[in-house]
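The sequence shown begins at 1 in full-length UniProt numbering and counts up by one.
Comments concern the structure below.
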Amino acid sequence: MAITIHYIDAPPDKPNDWELKSELLGFTEIKGNHGGANTAATMLNVFDRYGIRSKLGWATGDNVMVNDKATRCIQRDPEVNRPERPWIARQRHGRCMEHVVHLAAKDFIEAINPTKPKSKRTTRNGTAAIEDDEDEEDDEDWTVDWTMLDELLEGQEIDDPVDFEAGDVVGKILAFINQLRSSPQARTFFAKMCKEEGLTPLQLIKWIRTRWRSMYDLIDCALTVKQAINKFILLADSSPEVPTLNGKRYDDYKMSSDEWDMLELVREVLAEPREAQSCFSSETVPTVGKTLPILECLQERWTTFASLPKFAPVKDAIEKGLKKLRKWYKATDATDMYFICLALDPSIKLEYCKNKWDQRHYDAGRKSLEKTFDMYASRTSSEPIEPAPPPASSPVKRTGYGASWLEAAIRPRVQAEASMRDPREELKEYLAAPLEWGLQDPVKWWGVRACPLITRTSIPLLLAWLGTTSRFRDPLFHPSVHSQVGGLTSTLLRNQLTPQTFEALQILKSGYKHRFVDATEEAAVHEPGAWTAA
């Protein structure tokens with residue numbers, strides 16, 4: 001289980017020069033079962049390693065039951081859920097929106113197939129044949145087949161041919177690609193067909209079930225070289241350059257013009273979720289606040305597609321994808337984080353919801369923003385308030401001899417006026433101020449903004465907004481969590497690394513990536529002069 005920390009950093013001499021950063025906290029083996037209680041305990045142990053258990057804020061994870069159960073278990077921890085700082089799992093649990101969009105696209109693809117495809121997995125030596133209907137529970141992306149996992153642990157490779165039935169255009173192209181990729185001679189002959197058709201030879205992409213956008217990429221690649229695919233299928237069976245198939249012919253995979261047209265429609269529909277998913281994939285750009293507009297835009301686009309005669313052949317499939325999308329969109333009502341994070345975007349604030357939502361939902365969202373702000377403001381009301389720095393756009397800055405002397409003299413009045421001020425006034429002024437449309441770096445904008453109380457009291461919310469949408473977040477440290485079943489285990493066994501060593505290497509790699517560990521400086525200590533030229 002990988003746990004990543006997202007946080008705001010600033011140089012000591014420039015405390016308002018905010019920058020969003022991330023580091024790897026742990027790459028931890030889950031000892032025992034992958035149930036909710038054990039997953040929660042593993043996460044809490046990592047938090048304790050860094051002393052941040054009491055700072056956990058919002059949680060975001062893939063839409064599987066184990067994550068729901070883990071957050072409920074964390075809620076029962078007295079250090080996380082305290083009377084003065086309640087932590088209620090339902091209110092604090094966001095969803096991995098990239099995964100939500102994937103689930104909708106997956107339902108669309110499954111509806112295209114006349115029957116649910118079966119994947120026959122066999123080892124290269126022909127033993128231990130497995131059939132798996134990939135029956136998923138509660139929208140899990142995949143379930144672990146422990147028999148297949150045992151084979152993986154023995155280091156054996158797995159073939160993954162796909163059967164298809166008449167009319168199953170997606171299954172047919174998947175099966176053809178698997179057949180083509182399994183033969184070096186067939187791949188060479190296909191590259192020859194591409195050149196003869198004046199196309200750039202491309203390696204046809206396989207569908208990787210856990211790589212969420214790979215179905216669109218596969219279809220897009222196939223359509224790009226469809227002339228070469230047609231020519232390959234026409235000539236391969238009679239060509240001495242291509243080995244014959246066992247019990248099949250390449251002609252069995254011949255695609256009609258109607259089937260190519262169907263793939264064109266599928267690609268156009270899948271292009272929408274693919275673009276939506278890419279908006280959620282970022283370590284350095286805030287994404288939580290994008291959730292509501294992106295989900296609403298995707299629903300609107302697919303609804304329009306379903307109403308057009310052009311998409312009539314895939315209308316039922318689009319409706320199935322929309323049904324899944326609406327289910328998870330409705331789940332965003334369980335937490336206020338999406339509305340609040342959208343309001344904390346200075347280029348949007350409340351304007352989007354004011355124009356797109358009905359009055360009842362807009363009023364409810366604004367009320368939740370004010371209530372949450374009041375809760376954080378009350379916790380810090382006794383702390384002294386520093387005078388606000390000038391706005392980023394203002395060139396005014398008091399400098400020169402005696403500037404600090406002057407500021408020290410007027411500071412008591414500034415603090416007295418701030419203490420008498422209704423905290424809500426700052427929130428109202430922020431929401432009423434002009435939108436910062438076209439803002440390139442909202443993180444830096446928040447660092448120099450001129451409302452010290454709202455900045456300080458909203459930091460827990462602000463950092464939830466600044467984080468990405470795919471894992472676990474803390475208001476101050478933002479831990480992110482991702483679990484991999486099987487993959488880590490097989491890697492450890494093959495490379496003979498202990499889990500502790502593997503974790504240490506991952507953290508070290510993250511340190512080099514994010515520059516808090518510098519190999520050049522360390523090497524210079526051990527070998528003086530060796531790195532001077534570099």
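Quick reminder that beta carbons are idealized off the backbone N, C-alpha and C, glycines included.
Can you tell which of Ala236, Ala104, Met215 and Ile173 has the C-alpha that lies nearest to the C-alpha of Met193? The residue labelled residue 193 in the question sits at position 193 within the sequence shown. Measuring from the Cα of Met193, the nearest candidate turns out to be Ala236.
Quick check on Ala228: buried or exposed, where buried means 16 or more other Cβ atoms within 10 Å of its Cβ? Working through the sequence shown from its first residue, we reach residue 228 at position 228. Ala228 comes out buried.
Taking DSSP as the reference, what is the three-state secondary structure of Ser281? Sequence index remark: in the sequence shown, residue 281 carries index 281 (1-based). Of the three classes helix, strand and coil, the one that applies to Ser281 here is coil, per DSSP.
Could you work out which residue in Ala41, Ile177 and His102 is closest to Trp328 when comparing CA atoms only? Translated into the one-based positions of the sequence shown, residue 328 becomes position 328. Looking at the Cα atoms, His102 is the closest of the given residues.
Anticipated Cβ contact below 8 Å, Trp18 with Gly289, distance rounded: Numbered from its first residue, the sequence shown carries residue 18 at position 18. Numbered from its first residue, the sequence shown carries residue 289 at position 289. Actually they are not in contact, since the Cβ atoms of Trp18 and Gly289 sit about 16 Å apart, beyond 8 Å.
Considering only their Cβ atoms, is the gap separating Ile74 from Trp87 smaller than 9 Å? Taking the first residue of the sequence shown as 1, we reach residue 87 at position 87. Taking the first residue of the sequence shown as 1, we reach residue 74 at position 74. The answer is yes: Cβ separation under 9 Å.
Leaving out five residues on either side along the sequence, give the residues of the same chain with a beta carbon under 6 Å from the beta carbon of Thr532. On the sequence shown, residue 532 is found 532 positions in, with the first residue counted as 1. Any reading at Thr532 must be qualified, since the residue scores a pLDDT of 47, below 50, and its modelled position is unreliable; the value itself is stated next. Hits under 6 Å: none found.
Could you please give me the residues that DSSP links to Ile8 through a beta bridge? Against the sequence shown, residue 8 aligns to sequence position 8. Note: Ile8 sits in a beta bridge opposite Leu20.
Helix, strand or coil for Thr498 per DSSP? For the purposes of this step, residue 498 is identified with residue 498 of the sequence shown, where counting begins at 1. Here Thr498 sits in coil by DSSP.
Compare the Cα-Cα distances from Ala504 to each of Glu23, Leu20 and Phe27 and report the closest residue. Sequence index remark: in the sequence shown, residue 504 carries index 504 (1-based). If we check each option's Cα against that of Ala504, Phe27 comes out closest.
According to DSSP, is Thr304 part of a helix, a strand, or is it coil? Reading the sequence shown from its first residue, position 304 is the one you call residue 304. In this structure, Thr304 counts as helix in the three-state DSSP scheme.
Arg72 by DSSP, collapsed to three states: which one? Translated into the one-based positions of the sequence shown, residue 72 becomes position 72. Residue state, collapsed to three classes: helix.
Taking Met215 as the reference, give the member of Ile318, Arg187 and Gly171 with the closest Cα. Looking up residue 215 in the sequence shown gives position 215. Nearest option by C-alpha distance: Gly171.
According to DSSP, simplified to helix, strand and coil, what is Ala129? Numbered from its first residue, the sequence shown carries residue 129 at position 129. Note that Ala129 scores a pLDDT of 37, beneath 50, so its modelled location is shaky; the value from the coordinates is reported in the next line. It is coil, neither helix nor strand.
Would you report the Cα separation of Glu272 and Asp13, rounded to the nearest angstrom? In the sequence shown, residue 272 corresponds to position 272, counting from 1. In the sequence shown, residue 13 corresponds to position 13, counting from 1. Their backbone Cα atoms lie some 45 Å apart in a straight line.
Neighbourhood of Lys231 by C-beta, 8 Å cutoff - its chain only, sequence neighbours within 5 removed: The count along the sequence shown starts at 1 and reaches residue 231 at position 231. For Lys231, where only same-chain residues beyond five positions count, the Cβ hits under 8 Å are Met193, Glu196 and Glu197.
Rounding to the nearest angstrom, what Cα-Cα distance links Glu79 and Arg181 in this structure? Residue mapping note: residue 79 aligns to position 79 of the sequence shown, counting from 1. Residue mapping note: residue 181 aligns to position 181 of the sequence shown, counting from 1. If I take the Cα positions, the gap works out to 54 Å.
Using the DSSP secondary-structure output, state which residues sit across from Arg85 in a beta bridge. Taking the sequence shown and counting its residues from 1, the one referred to as residue 85 is at position 85. Bridge partners of Arg85: Arg82.
Give a yes or no on contact between the region 335-344 and the region 298-314, applying the rule of three or more CB pairs nearer than 8 Å. no
C-alpha gap between Leu369 and Arg301, whole angstroms: Your numbering for residue 369 matches position 369 in the sequence shown. Your numbering for residue 301 matches position 301 in the sequence shown. So the alpha carbons of these two residues sit roughly 29 Å apart.
Mapping DSSP to helix, strand and coil, what is Asp150? In the sequence shown, the residue the question calls residue 150 occupies position 150. Low confidence applies here, because Asp150 scores a pLDDT of 34, under 50, leaving its location unreliable and the question unanswered by this model.
For Gln185 and Ile3, the rounded distance between their alpha carbons: Numbered from 1 along the sequence shown, position 3 holds the residue referred to as residue 3. Numbered from 1 along the sequence shown, position 185 holds the residue referred to as residue 185. So the two alpha carbons sit approximately 43 Å from each other.
If distances are taken between C-alpha atoms only, which option among Ala222, Leu44 and Thr188 comes closest to Leu204? Taking the sequence shown and counting its residues from 1, the one referred to as residue 204 is at position 204. Out of Ala222, Leu44 and Thr188, Ala222 has the C-alpha closest to the C-alpha of Leu204.
When you compare only the Cα positions, how much space is there between Thr224 and Arg95? What you label residue 224 is simply residue 224 of the sequence shown in a count that begins at 1. What you label residue 95 is simply residue 95 of the sequence shown in a count that begins at 1. Roughly 35 Å between the two C-alpha positions.
Could you check which residue in Asp363, Ser404 and Asp107 has the C-alpha nearest to that of Ala343? Numbered from its first residue, the sequence shown carries residue 343 at position 343. Of the candidates Asp363, Ser404 and Asp107, the one whose C-alpha sits nearest the C-alpha of Ala343 is Asp363.
Please return the same chain residues whose Cβ sits closer than 6 Å to the Cβ of Lys324, not counting the five positions on each side in sequence. As a first step, residue 324 is located in the sequence shown; it is residue number 324 there, counting from the start. Within the same chain, Lys324 has close Cβ partners Leu103, Ala104 and Asp107.
Could you give the distance in angstroms between the alpha-carbon of Ala276 and the alpha-carbon of Asp77? By one-based count along the sequence shown, residue 276 stands at place 276. By one-based count along the sequence shown, residue 77 stands at place 77. Cα to Cα, the separation comes out at about 36 Å.
Return helix, strand or coil for Ala403, following the three-state DSSP convention. Locating residue 403 in the sequence shown gives position 403, counting from the first residue. Helix at Ala403.
Could you give the DSSP three-state label for Pro117: helix, strand or coil? Indexing the sequence shown from 1 puts residue 117 at position 117. For Pro117, the predicted structure reports a pLDDT of 45, less than 50, and the residue's modelled location is therefore unreliable. The matter cannot be settled from this model.
Leaving aside the five residues before and after Asp217 along the sequence, list all residues of the same chain whose C-beta is less than 6 Å from its C-beta, in chain order. Taking the first residue of the sequence shown as position 1, residue 217 is located at position 217. These residues qualify, in order along the chain: Ile205.
Burial state of His361 (16 or more Cβ within 10 Å): Indexing the sequence shown from 1 puts residue 361 at position 361. Exposed.
Give me the residue from Glu436, Asp358 and Asn45 with the minimum Cα distance to Ile30. Position 30 of the sequence shown holds residue 30. Of Glu436, Asp358 and Asn45, the residue nearest in Cα terms is Asn45.
Just to confirm the assignment, what range does the alpha helix (DSSP H) spanning His34 have? Within the sequence shown, residue 34 is the residue found at index 34, counting from 1. Unbroken run through His34: none, as it is neither H nor E.
Taking the alpha-carbon of Gly61 as reference, which of Lys55, Thr71, Arg53 and Ile52 has the nearest alpha-carbon? The residue you call residue 61 lines up with position 61 of the sequence shown. That would be Thr71, whose Cα lies nearest to the Cα of Gly61.
Alpha carbons only, please: which of Asp220, Trp405, Phe502 and Pro286 is nearest the one belonging to Lys444? Along the sequence shown, one-based indexing puts residue 444 at 444. Residue Pro286 is the option with its Cα nearest to Lys444.
Taking the alpha carbon of Arg82 as the reference point, which residue from Lys55, Gly36, Thr303 and Thr42 has its own alpha carbon closest? Taking the first residue of the sequence shown as 1, we reach residue 82 at position 82. When only C-alpha atoms are compared, the closest one is Lys55.
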